[in-house]
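So for the sequence shown, the numbering used here puts the first residue at 7; every next one is plus one. C-beta: ideal position from N, C-alpha, C; glycine also. All values derive from a computational prediction rather than experimental measurement. Here is the structure we will look at, set down as structure tokens.
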Amino acid sequence: MKKTFFIRTYGCQMNFSEAERLRELLLNAGWKEEKNIENASVVMAIGCSIREKAENRVISFLKTHRYLKNKGTLIGLFGCTANLHKEKILEKIPFLDILCGPNQLNKIPEILENFSNGNVVVMTGENEQPFLECVPSKNDVTMAVPITKGCNNFCSYCVVPLARGKLVSRHPDSVIREIECAVEKGIKSVTLLGQNVNEYGQDFKFQFDFGDLLNEIVNIDGLLRIDFLTSHPEDTGEKILKIMAENPKIVKHLHIPLQSGSNKILKAMNRKYTVEKFLRTVEMARNLMPEISITSDIMVGFPGETEEDFEKTVEVVKNVRFNELFIFKYSPRPMTKAYNMNDDVPQEVKEYRHQLILSLQKKISNQIYEMFKGRICDVLIERKSVKNPCYVIGRNIQGIPVTCSCSENIIGSIVKVKIINHRQGLLYGSICEEFQLQQDPQFQGKKQI
Ligand code: 5AD
Ligand code: SF4
7 MKKTFFIRTY GCQMNFSEAE RLRELLLNAG WKEEKNIENA SVVMAIGCSI
57 REKAENRVIS FLKTHRYLKN KGTLIGLFGC TANLHKEKIL EKIPFLDILC
107 GPNQLNKIPE ILENFSNGNV VVMTGENEQP FLECVPSKND VTMAVPITKG
157 CNNFCSYCVV PLARGKLVSR HPDSVIREIE CAVEKGIKSV TLLGQNVNEY
207 GQDFKFQFDF GDLLNEIVNI DGLLRIDFLT SHPEDTGEKI LKIMAENPKI
257 VKHLHIPLQS GSNKILKAMN RKYTVEKFLR TVEMARNLMP EISITSDIMV
307 GFPGETEEDF EKTVEVVKNV RFNELFIFKY SPRPMTKAYN MNDDVPQEVK
357 EYRHQLILSL QKKISNQIYE MFKGRICDVL IERKSVKNPC YVIGRNIQGI
407 PVTCSCSENI IGSIVKVKII NHRQGLLYGS ICEEFQLQQD PQFQGKKQI
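See below:
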């Protein structure tokens with residue numbers, strides 16, 4: 007068998023980070039990545055099950071590529087979807103060769119090496135496996151670094167604790183070692199990943215929390231930026247916010263999911279905070295960092311959400327003025343607590359509420375981006391634009407993407423960029439050092455990415 011693989015990833019940043027780690031493992035074991043799925047000897051899909059739609063996407067991808075089995079291609083399903091409903095998946099996709107949950111990826115090279123056709127390999131289960139350390143082989147500037155697996159929160163709608171198990175924090179030495187190694191390879195910016203980064207360290211036998219981890223990471227020489235997600239409103243306190251405010255390397259951005267503006271719904275979701283507590287956290291963050299970008303997730307149509315509950319969410323969205331919102335329609339997930347509740351908000355009402363918040367937020371985001379016009383931002387340049395190689399893309403200190411044209415290679419440096427326009431959450435600017443402030447016609451309302 008040719009040692010060539012193809013990976014397709016769905017879902018969250020954790021999944022993408024795991025895909026990256028799997029890729030590095032296979033490359034180190036002598037495999038080659040194949041960009042054309044037709045030529046790969048192993049096709050791997052990493053699936054997400056957070057909503058039914060996400061799950062259907064990966065199933066349909068696999069079904070569409072069933073024909074590849076005729077030429078002996080192995081087909082595998084990985085990630086949360088593999089862990090959640092083994093039997094159901096094997097029934098729906100009987101042609102699978104490998105089913106592997108997110109905690110067993112380290113075994114994949116060995117499994118592939120010894121694979122004998124006709125046998126289905128199923129590896130799912132708890133998260134006792136060590137964290138996969140990763141040394142990036144590409145010339146990237148940014149890298150995602152998982153610091154926890156699993157989650158102890160049990161929000162009533164959420165499959166994550168079922169798919170990924172209980173919280174396991176990564177030892178600080180392993181996190182620091184990986185980042186130091188990555189910085190030696192040219193990485194300038196890391197995103198620390200966890201379902202709830204504020205839970206980091208709760209399972210250690212020694213006293214060490216997320217704030218302590220941040221305090222260590224900021225001392226790594228050569229690392230220019232640090233950001234993290236996701237923050238939980240219940241646990242985001244003064245300690246973390248002060249560390250963020252005091253350290254210039256830490257990106258001034260919080261992704262802090264609100265889910266609902268109604269205390270009744272928050273309680274039914276088992277979110278463990280009130281709207282008032284959420285608002286106090288936002289206020290504290292803004293007092294300490296007036297420029298902070300705050301983004302959030304909202305779920306509409308949770309069981310029992312009345313028009314009045316929804317109005318409360320709208321009020322909070324209007325008052326807080328998030329930079330960006332990710333808005334989801336409630337999707338009942340088997341095995342969760344909410345699955346037994348009556349999914350009583352009709353689909354059309356979910357759709358209407360989704361659209362209403364979407365358009366409200368679009369206006370707010372636009373107004374916020376409009377205020378950047380004329381400002382000078384410190385932008386860490388991450389990469390060339392895919393669509394136009396004369397342009398580069400980076401992020402400012404609030405983590406907002408910025409693009410500008412550039413004649414020399416400045417990838418990996420922080421440069422001053424004057425913002426002249428914006429579109430769809432992307433700021434368009436011009437590099438101050440070169441001082442081409444005359445407006446470039448290409449910036450006029452065109453998205454370049
Ligand atoms: N239905 C809809 N949205 C969900 N999310 C999590 N579970 C569900 C579900 N069952 C949303 C939440 C979470 C985001 C990652 O996905 O808003 O913050
Ligand atoms: Fe990520 Fe959750 Fe989807 Fe798993 S189910 S891929 S943890 S969003």
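{"query": "State buried or exposed for Glu205, treating a residue as buried only when at least 16 other CB atoms are found within 10 Å of its CB.", "result": "buried"}
{"query": "Taking three-plus beta-carbon pairs below 8 Å as touching, is the stretch 216–236 in contact with the stretch 193–202?", "result": "yes"}
{"query": "Of the choices Met129, Ile114 and Asn34, whose alpha-carbon is the least far from that of Cys140?", "result": "Asn34"}
{"query": "Can you look up Asp215 in the DSSP assignment and give me helix, strand or coil?", "result": "coil"}
{"query": "As a quick exercise: from Val147, Glu244 and Asn329, pick the residue whose alpha carbon is nearest that of Gln404.", "result": "Asn329"}
{"query": "Output the boundary residues of the beta strand (DSSP E) element that contains Lys335.", "result": "Glu330 to Lys335"}
{"query": "Within the structure, which residues are defined as neighbours of ligand 1 by a Cβ-heavy atom distance below 6 Å, reported in chain order?", "result": "Ile56, Arg57, Tyr163, Cys164, Pro263, Gln265, Asp303, Met305, Phe334, Tyr336, Ser337 and Arg339"}
{"query": "Would you please state the rounded distance, in angstroms, between the beta carbons of Asn402 and Val421? I believe it to be under 8 Å.", "result": "With 8 Å as the limit, Asn402 and Val421 do not qualify as a contact, their Cβ atoms being about 11 Å apart."}
{"query": "Three or more C-beta pairs under 8 Å: does that hold for the stretch 85–92 against the stretch 48–55?", "result": "yes"}
{"query": "From which residue to which residue does the beta strand (DSSP E) around Asn427 run?", "result": "Ile420 to Arg429"}
{"query": "Would you mind stating whether Val1 and Cys383 have Cβ atoms separated by less than 8 Å?", "result": "Given that the chain is displayed from residue 7 to residue 455, the structure contains no residue 1 and the question cannot be resolved."}
{"query": "When the Cα atoms are used, what is the spatial distance from Gln19 to Leu331?", "result": "16 Å"}
{"query": "For a test of the three-state rule: what should DSSP assign to Ala344, helix, strand or coil?", "result": "helix"}
{"query": "Relative to the C-alpha of Arg389, which residue among Leu364, Tyr375 and Ile417 is closest?", "result": "Ile417"}
{"query": "Using a 10 Å radius around the Cβ and a threshold of 16 neighbouring Cβ atoms, would you call Ser122 buried or exposed?", "result": "exposed"}
{"query": "Which class does Ser195 belong to by DSSP, given the choice of helix, strand or coil?", "result": "strand"}
{"query": "Which partner residues of Tyr434 appear in the DSSP bridge assignment?", "result": "Thr409 and Asn427"}
{"query": "Whole beta strand (DSSP E) runs in the stretch 252–307 with 3 or more residues, listed along the chain?", "result": "259–261 and 299–306"}
{"query": "With 16 as the cutoff for other CB atoms within 10 Å, does Arg327 come out buried or exposed?", "result": "exposed"}
{"query": "So, are the CB atoms of Val288 and Lys335 less than 8 Å apart?", "result": "no"}
{"query": "Name the DSSP bridge partner or partners of Tyr397?", "result": "Ser411"}
{"query": "Considering only residues of the same chain and omitting the five flanking positions on each side of Phe67, which have a CB-CB separation below 7 Å?", "result": "Arg14 and Ala51"}
{"query": "Taking Lys270 as the reference, which of Thr312, Ile304 and Leu247 has the closest Cα?", "result": "Thr312"}
{"query": "Applying the criterion that 16 or more other CB atoms from any shown protein chain within 10 Å of the CB defines a buried residue, is Leu496 buried or exposed?", "result": "Absent from the structure is residue 496, since the part of the chain shown begins at 7 and ends at 455."}
{"query": "How is the alpha helix (DSSP H) around Pro167 delimited, first residue to last?", "result": "Val166 to Arg170"}
{"query": "Any idea if Met1 is buried or exposed, counting beta-carbon neighbours within 10 angstroms, 16 or more meaning buried?", "result": "Residue 1 is absent from the model: the chain starts at 7 and stops at 455."}
{"query": "Can the beta-carbon of Gly131 be found less than 8 Å from the beta-carbon of Asn109?", "result": "yes"}
{"query": "Is it buried or exposed, His427, if we count other Cβ atoms within 10 angstroms and call 16 or more buried?", "result": "The amino acid at residue 427 is misidentified as His; the sequence shows Asn. By the neighbour-count rule (16 or more Cβ atoms within 10 Å), Asn427 is buried."}
{"query": "Could you say which of Phe216, Glu186 and Ser162 lies nearest to Ser175 if we only look at CA atoms?", "result": "Phe216"}
{"query": "Going by DSSP in three states, Met149 sits in which element: helix, strand or coil?", "result": "strand"}
{"query": "Using CA atoms only, rank isn't needed, just tell me which of Pro338, Thr10 and Arg231 is closest to Glu119.", "result": "Thr10"}
{"query": "Identify, in the order they occur along the chain, each residue of the same chain with its Cβ nearer than 6 Å to the Cβ of Lys245, setting aside the five sequence neighbours on each side.", "result": "Gly217"}
{"query": "Rounded to whole angstroms, what's the CA-CA distance from Lys92 to Gln353? Just pull it up for me.", "result": "28 Å"}
{"query": "May I ask you to report which of helix, strand or coil DSSP gives Val320?", "result": "helix"}
{"query": "Of all the options Gln361, Gly36, Ser337 and Glu376, which has the alpha carbon lying nearest to the alpha carbon of Val351?", "result": "Ser337"}
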